[in-house]
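Asks: Attaching a single structure in structure tokens format; questions to follow.
Residue numbers (the UniProt record's numbering): 1 to 230.
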């Protein structure tokens with residue numbers, strides 16, 4: 001499948017990983033994801049290739065291949081690998097994707113996974129320092145098919161819509177109408193929805209209808225309004 005065909009991490013021991021960030025540790029994570037039901041081989045290969053330890057502070061690198069969420073600052077988290085894999089797999093359930101919008105760049109890890117399994121990623125983030133750091137890491141590992149916007153994610157990125165798929169990495173109380181309007185006919189949106197109780201939700205557009213499927217309970221940070229520059 002097209003996308004960022006080759007992550008380039010050959011020239012640096014820290015990028016490649018050692019000890020708790022080694023390739024062997026990553027392989028054990030893949031085994032856990034398979035046991036938990038992840039079956040899409042493109043998704044599993046993207047996770048195998050992607051150095052998750054680069055997307056967290058170096059002090060947390062030894063935990064990068066645990067199947068757990070990790071803090072990235074600004075009251076945000078790096079989603080657990082299972083959730084990243086599950087959301088990506090659901091997005092790909094309708095077939096190959098060209099143009100995908102991601103709402104919530106965050107650390108850039110989900111962005112990196114998406115970039116390897118779709119043609120183009122349009123990533124929106126409200127917290128500028130997070131997105132700037134993500135840009136550096138993604139450039140460092142040779143991810144080139146992503147463009148970025150610093151903005152309130154509730155409004156998406158209508159300039160380049162409609163999108164074949166939309167992936168949202170923070171939870172609104174309900175699916176924003178503006179995002180639904182940017183989904184192409186036949187397109188898929190994967191989004192956590194809810195407040196005290198959240199459910200990963202798959203939305204499929206059929207003409208002017210939006211068919212919703214609750215997938216499983218999750219816990220995400222809320223999708224907040226406004227853009228932050230520092």
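Just so you know, even glycine gets a beta-carbon here, dropped at the ideal spot from N, CA and C.
From a predicted model like this one, the values you see are computed outputs, not experimental measurements.
Could you spell out where the beta strand (DSSP E) holding residue 70 opens and where it closes?
Replies: Taking the first residue of the chain shown as 1, we reach residue 70 at position 70. Segment 70–73, the beta strand (DSSP E) holding residue 70.
Asks: Which stretch, first to last residue, makes up the beta strand (DSSP E) that contains residue 150?
Replies: Locating residue 150 in the chain shown gives position 150, counting from the first residue. Element bounds for residue 150: 146–150.
Asks: With which residues is residue 251 paired in a DSSP beta bridge?
Replies: Outside the shown range of the chain, which is 1 to 230, sits residue 251, and nothing can be said about it.
Asks: Using only the alpha-carbon positions, how far apart do residue 163 and residue 134 sit?
Replies: Along the chain shown, read from residue 1 onward, the residue named residue 163 stands at position 163. Along the chain shown, read from residue 1 onward, the residue named residue 134 stands at position 134. Each residue's alpha carbon lies about 22 Å from the other.
Asks: Bridge partners of residue 231, per DSSP?
Replies: Any answer about residue 231 is impossible in this case: the structure gives the chain only from 1 up to 230.
Asks: Between which residues of its own chain and residue 27 is the CB-CB distance below 8 Å, once the five residues before and five after are set aside?
Replies: For this step, residue 27 is matched to residue 27 along the chain shown. So the list reads 48, once near-sequence residues are dropped.
Asks: Would you kindly work out how many angstroms separate the C-alpha atoms of residue 203 and residue 178, rounded to a whole number?
Replies: On the chain shown, residue 203 is found 203 positions in, with the first residue counted as 1. On the chain shown, residue 178 is found 178 positions in, with the first residue counted as 1. Their backbone Cα atoms lie some 14 Å apart in a straight line.
Asks: Rounded to the nearest angstrom, how far is the Cβ of residue 128 from that of residue 88, given a contact under 8 Å?
Replies: If you number the chain shown from 1, residue 128 lands on position 128. If you number the chain shown from 1, residue 88 lands on position 88. Not a contact, Cβ separation roughly 25 Å.
Asks: Tell me the rounded alpha-carbon separation between residue 160 and residue 102.
Replies: Counting from 1 along the chain shown, the entry for residue 160 is found at position 160. Counting from 1 along the chain shown, the entry for residue 102 is found at position 102. The alpha-carbon atoms of residue 160 and residue 102 are separated by roughly 12 Å.
Asks: According to the neighbour-count rule (16 or more other Cβ atoms, all chains shown, within 10 Å of its Cβ), is residue 196 buried or exposed?
Replies: The count along the chain shown starts at 1 and reaches residue 196 at position 196. The residue in question, residue 196, is exposed, as its Cβ has fewer than 16 Cβ neighbours within 10 Å.
Asks: Excluding the 5 residues preceding and the 5 following residue 40 in the sequence, name in chain order all residues of the same chain whose CB lies nearer than 7 Å to its CB.
Replies: By one-based count along the chain shown, residue 40 stands at place 40. The residues are 89, 92.
Asks: Under the three-state reduction of DSSP, which class applies to residue 126: helix, strand or coil?
Replies: By one-based count along the chain shown, residue 126 stands at place 126. Looking at residue 126 - three-state DSSP - the assignment turns out to be coil, as it is neither helix nor strand.
Asks: For residue 18 and residue 140, what's the separation of their Cα atoms in angstroms?
Replies: Residue numbering aside, residue 18 sits at position 18 when the chain shown is read from its first letter. Residue numbering aside, residue 140 sits at position 140 when the chain shown is read from its first letter. Residue confidence for residue 18 is low, a pLDDT of 48 falling below 50, so the modelled location carries little weight; the figure read from the coordinates is stated next. Distance between the alpha carbons of residue 18 and residue 140 is about 18 Å.
Asks: Have a look at residue 198 and residue 110 and give me their C-alpha separation to the nearest angstrom.
Replies: As a working note, residue 198 is residue 198 in the chain shown. As a working note, residue 110 is residue 110 in the chain shown. Going by the C-alpha atoms only, they are around 19 Å apart.
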